[in-house]
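A.B. asks: All the letters of the sequence shown, read from the start, carry residue numbers 0 to 543 under numbering that gives the first Met the number 0.
Glycine included, C-beta positions come from ideal geometry on N, C-alpha and C.
First the structure, then my questions, so here it is.
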Amino acid sequence: MEFACSFVPKLAGASSIQIRLTQRTRSAWRVKQRASHARGFQTSSPFLREAAGGAPAKIRGQRKVFDSVDEAVADIQSGSTLLSAGFGLCGTAETILTAMAKRGAENLHSLTAVSNNAGTAIGGGLSPLIAAGQVNRAICSFLGNNKALESKYLNGEIAIELTPQGTLAEKLRCGGAGIPAFFTPTGVNTFIQSGQIPARLKNGQVIEPGKPRETRIFDGKIYNMETAIKGDVAVLRAHKVDEAGNCQFRYTTQSFGPLMAKAAKVAIVEAEHIVPVGELKSDEIDLPGVFVDRIVQATESKIIEIEKLRQDEDLEEVGKKDPALARRNRIAKRAAKELKPGYYANLGVGMPTLAPSFLPPNSNVWIQSENGILGMGPYPTKEELDADIINAGKETVTLVPGASVFDSSESFGMIRGGHIDVSMLGALQVGANGDLANYMIPGKVFKGMGGAMDLVGNPDATKIVVLTDHVDKNGRPKIVQNATLPLTGARVVSTIITDLCVLQVDRQKGELTLTELAPGVELDEVKQKTGAKFHVAEPLGRME
């Protein structure tokens, strides 16, 4: 079976590559099945290593506190599925992961690592294990600017199963709850559903294709089936842990921690403070001790991935000297009008985060961050800086009075369940029918979708507003008749706010209507820079 795929032109510097997928014969498949109990993985070493996998022994009644982190990780086996908690570098088990990396690739290898993001551009998290060749496969939602991981993927050194962030959280929740599969609207009519994101590449060939999803229709809507994730070992970090394994987390460190502990056969937690049983009151326990098997003392320092501090400055005044900021301010100021008093809103990274700066005092808008905050405040001062309070962009933030924090499964349940009024995101392309593409440019940008697919998963209940420049850096329209980039969501966008205008989307009819022009912008300019047909409202308003 042959087909042309534009996904990996970067590998050969060509405009397109012919990719050949070889189908196994039935006899070859039987051979593979018989060998499945001892998985062999090709690594950077010149020989094939056997990796049986499996969890360390769990012995009820033994003391859970280990004196040495090296002892706690000594029996983790090659070929294991490792669940690594944390969001960015917030809540990652740095002490445990460092000890695992110290074992070396000869003694611990062929790991399947499940994590929201498999390491970062600045190190930390899974980065040491990936750099050492100890991880053979990563199941994650986001690569970001981790060029080392991207390079290993493009060169065939590691397989990556990109999974939407909320789906990843729910797969873990189900794994820990004994639920084998579930149906979700996330990823319908995208490469996730069709399996068009290759899991493994090498020399311009798709060695392992993505997995197409089974679908089913409920109440007239299509849903993808996703299977649960269960791990051999989970590693996580908690603020306080008593000797029975009861855990207390601080703020956004709990995003994936409890979920992964529940989904693993053996959970190892590093504690900032190990305390006697009874010191944690019953209503202070976030994760019961039944889910924790081993406890070690955290010795590695917390890492702040992006330290963002509050700047006491007037954005509009600064914008007068900075055309790029002025353009962003114009978009954000208009976007703030979409945030009505009492609304619950999710704001994506970039321009959407500027919108609250233009809200009137006491607007009573509650900002949700998908890593587990409802009631997110502004960036902190130096005195308010806390490594355990970050937003979805991994930036340090604060919490407003009345804010709550929770794990990622609950966070995305709010979103998919339609409890959030508005979600604002950026875009690479928007189609006239509301199609949104914002996570991949084949051959150029491969960062992962993060939580974006989940954020647009229920557009009938949560209004999707796109904030974007009208054209890209090369002057090409970002608003097009038909989106050509891989979709984040199909027919999801209701309103588009650009530096030139505001467009409303009729998602059923697939039509655009121009409702407002930016100050100093005329209709002819919008027509010239828009790659889609649109109606013009009467009367035509002005952005304020």
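Output the distance between the C-alpha atoms of ILE366 and ALA402, rounded to the nearest integer angstrom.
C.D. replies: Rounded to the nearest angstrom, the two C-alpha atoms are 9 Å apart.
A.B. asks: Would you mind stating whether ALA588 and ILE138 have Cβ atoms separated by less than 9 Å?
C.D. replies: No statement about residue 588 is possible, as the shown extent of the chain runs from 0 to 543 and does not include it.
A.B. asks: Quick one: Cα of LEU349 to Cα of PRO55, how far?
C.D. replies: Reading off the sequence shown, one finds Gly at residue 349, where the question assumed Leu. Spanning the two alpha carbons is a distance of roughly 43 Å.
A.B. asks: With a floor of 4 residues, list each alpha helix (DSSP H) that falls wholly inside the segment 52 to 119, ordered by position along the chain.
C.D. replies: Complete alpha helix (DSSP H) runs here, min 4: 68 to 72 and 93 to 101.
A.B. asks: CB ASP471 to CB ASP498, shorter than 9 Å?
C.D. replies: Contact flag unset, no.
A.B. asks: Flag this pair as yes or no: are the beta carbons of ASP453 and THR185 separated by less than 9 Å?
C.D. replies: Yes, these two residues count as a Cβ contact at 9 Å.
A.B. asks: In whole angstroms, what is the alpha-carbon distance linking PRO538 and ASN188?
C.D. replies: Roughly 36 Å between the two C-alpha positions.
A.B. asks: Within 10 Å of its beta-carbon, does MET224 have 16 or more other beta-carbons around it, so buried, or fewer, so exposed?
C.D. replies: MET224 is exposed by the Cβ-count criterion.
A.B. asks: Are there 16 or more other CB atoms within 10 angstroms of the CB of GLY90, so buried, or fewer, so exposed?
C.D. replies: GLY90 comes out buried.
A.B. asks: Looking at C-alpha atoms only, which residue of PHE190, GLY374 and ASN145 is the closest neighbour of LYS446?
C.D. replies: It is ASN145 whose Cα lies nearest to the Cα of LYS446.
A.B. asks: Could you tell me whether the segment 331 to 344 touches the segment 420 to 435, where touching means 3 or more Cβ pairs closer than 8 Å?
C.D. replies: Judged by Cβ distances under 8 Å, the segment 331 to 344 makes contact with the segment 420 to 435, as three or more pairs qualify.
A.B. asks: Let me check understanding here. Comparing Cα to Cα, which of PHE405, LYS307, MET448 and VAL364 lies closest to LYS381?
C.D. replies: Among PHE405, LYS307, MET448 and VAL364, the Cα nearest to that of LYS381 belongs to LYS307.
A.B. asks: Distance check for THR162 and GLY174, CA to CA, integer angstroms please.
C.D. replies: Roughly 15 Å separates the two Cα atoms.
A.B. asks: Under 7 Å Cβ to Cβ from ILE178, same chain only, skipping five residues before and after it: list those, please.
C.D. replies: So the qualifying residues of the chain are ALA227.
A.B. asks: Report all residues from its chain with a CB closer than 8 Å to the CB of GLU207; omit the five preceding and five following residues, and keep chain order.
C.D. replies: Taken in chain order, the residues that qualify are ALA158, PRO197, ALA198 and ARG199.
A.B. asks: What three-state label does DSSP hand LYS264 in the structure shown?
C.D. replies: LYS264: strand per DSSP, three-state reduction.
A.B. asks: Within the chosen definition, does the segment 286 to 296 reach the segment 233 to 249 through at least 3 CB pairs nearer than 8 Å?
C.D. replies: As far as the Cβ criterion goes, the segment 286 to 296 touches the segment 233 to 249, which means the pair count is three or higher.
A.B. asks: Determine whether the beta carbon atoms of LEU466 and ALA531 lie at a separation below 9 Å.
C.D. replies: In this structure, ALA531 does not lie closer than 9 Å to LEU466 by Cβ.
A.B. asks: Measuring straight from C-alpha to C-alpha, what distance separates GLN32 and GLY450?
C.D. replies: Confidence at GLN32 is low in this model, with a pLDDT of 38, below 50, so the placement of that residue is unreliable and no value is reported for it.
A.B. asks: Per DSSP, which one or two residues make a beta bridge with LEU200?
C.D. replies: According to DSSP, LEU200 bridges with VAL205.
A.B. asks: Roughly how many angstroms separate the alpha carbons of ASN432 and SER140, rounded to a whole number?
C.D. replies: Approximately 26 Å between the Cα atoms of the pair.
A.B. asks: Between the segment 323 to 336 and the segment 404 to 413, are three or more C-beta pairs nearer than 8 Å?
C.D. replies: In short, these stretches do not touch, since the Cβ pair count stays below three.
A.B. asks: For VAL265, which option in VAL274, GLU283 and ALA233 has the closest C-alpha, if you only look at C-alpha atoms?
C.D. replies: Cα-wise, what sits closest to VAL265 is ALA233.
A.B. asks: Apart from the five residues on each side of it in sequence, which residues of its chain come closer than 6 Å, Cβ to Cβ, to LEU142?
C.D. replies: Closer than 6 Å at the Cβ level, and outside the excluded window around LEU142, lie LEU148, GLU149, LYS446 and GLY447.
A.B. asks: Do PHE86 and ILE389 have their CB atoms nearer than 9 Å?
C.D. replies: The answer is yes: Cβ separation under 9 Å.
A.B. asks: Report the option in LEU486, PHE533 and ASP505 whose CA atom is closest to the CA atom of SER193.
C.D. replies: Looking at the Cα atoms, LEU486 is the closest of the given residues.
A.B. asks: Report back the beta-carbon spacing between LYS332 and PHE357 to the nearest angstrom; my notes put them in contact at under 8 Å.
C.D. replies: With a Cβ gap of about 4 Å, LYS332 and PHE357 count as contacting.
A.B. asks: Assess, as a yes-or-no matter, whether the segment 78 to 85 is touched by the segment 252 to 262 under the definition of 3 or more beta carbon pairs within less than 8 Å.
C.D. replies: With the cut-off at 8 Å, the segment 252 to 262 and the segment 78 to 85 touch.
A.B. asks: Taking VAL68 and THR94 to be in contact with their CB atoms under 8 Å, please state how far apart those CB atoms are, rounded to whole angstroms.
C.D. replies: The pair is a contact, with the Cβ atoms about 6 Å apart (cut-off 8 Å).
A.B. asks: Under the assumption that ALA129 contacts ALA117 (Cβ atoms under 8 Å), give the Cβ distance between them as a whole number of angstroms.
C.D. replies: First, the amino acid is wrong: residue 129 is Ile here, not Ala. The Cβ separation is near 6 Å, so the contact holds.
A.B. asks: Only counting the same chain, and skipping five residues up and downstream in sequence, which positions put a Cβ closer than 7 Å to that of ALA123?
C.D. replies: Residue identity differs from the one stated: residue 123 is Gly in this sequence, not Ala. Once the five neighbours on either side are set aside, the close Cβ partners of GLY123 are LEU88, THR91, GLU93 and ILE302.
A.B. asks: Kindly indicate which residue of ILE294, PHE190, MET413 and PRO355 has the alpha-carbon position closest to the one of GLU213.
C.D. replies: Selected option, being the one with the closest Cα: PHE190.
A.B. asks: What does DSSP give as the partner residue(s) for THR395 in the beta ladder?
C.D. replies: Paired residue(s): ILE389.
A.B. asks: Classify VAL629: buried if its beta carbon has 16 or more other beta carbons within 10 angstroms, exposed otherwise.
C.D. replies: With the chain covering 0 to 543 only, the question about residue 629 has no answer from this structure.
A.B. asks: How should ALA436 be labelled, buried or exposed, when 16 other C-beta atoms within 10 angstroms of its C-beta is the threshold for buried?
C.D. replies: Buried, by the Cβ-count rule.
A.B. asks: Using three-state DSSP, classify THR252 as helix, strand or coil.
C.D. replies: Of the three classes helix, strand and coil, the one that applies to THR252 here is helix, per DSSP.
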